[in-house]
Structures are given as C-alpha cells and as structure tokens.
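Q:
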Amino acid sequence: MCLSVFRYTLDNSNADSLCVAVELPGVKSGDECDVDIIQDVLMVTVTGKYDLFLPLDAHVDDSRADAQFHKDKAVLSVRLPYLETL
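Residue numbers 18 to 103, in my numbering, belong to the letters of the sequence shown in order.
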C-alpha cells in the first residue's frame, strides 16, 4: 500500500506546550484520524492514506494533549503540553 506524502510543522515557541500542525489533504473529518502519543512519539494515522511517526524532542504529558481537525484547511492541530518536572 502506498501512503500519501504529507507536511507538518512544529511550533515550540510556547513555554508550556509543543504544537504540531499536520496537513492531511483529502481528509474530510477528524473522525478519520487516529492520534496516539507513546513515549514522546506522536503517531497520526488515517487508514490507507497517511501514517506519521514523529519522535518529539521534549517530554510531553499525553494525558493533557488535545487535537482539533480544521476541515476547511484539512489540517490536524495537536497541542502537547510539556511534562511538568518537580
């Protein structure tokens, strides 16, 4: 199976979180996207279309992460709060 090429951008300018924007042309709804964060790796899958495996350069709190799909631009935005250190 050949998966499509996609683009993404990382924004680490925010002091409390890392933001990732993934362009997903052809995707119509956030329901098509499967987002997982495991051991500081972001995984975004759209079955049969896209498969992103992105190691992150920071420790993130996956329990506080959130994602939004902007269907007008076909962009998935993922906000990953940094893990708080004691």
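For every residue, glycine included, the Cβ atom is placed at its ideal position computed from N, Cα and C.
#1: Indicate the three-state DSSP secondary structure (helix, strand or coil) for MET18 in the structure shown.
#2: Pick out whichever of GLY47, ALA32, PRO72 and VAL58 has its Cα sitting closest to the Cα of SER94.
#3: Short of 7 Å in beta carbon distance, which residues of its chain neighbour LYS88, apart from the five on each side in sequence? Order them along the chain.
#4: Identify every residue that forms a DSSP beta bridge with VAL61.
#5: Report the rounded CA-to-CA distance for ALA32 versus CYS50, giving the unit in angstroms.
A: From the atom records:
#1: Only weak support exists for where MET18 lies, its pLDDT of 49 falling under 50; the coordinates are left without a value.
#2: GLY47
#3: LYS45 and SER46
#4: VAL52 and LEU69
#5: 27 Å
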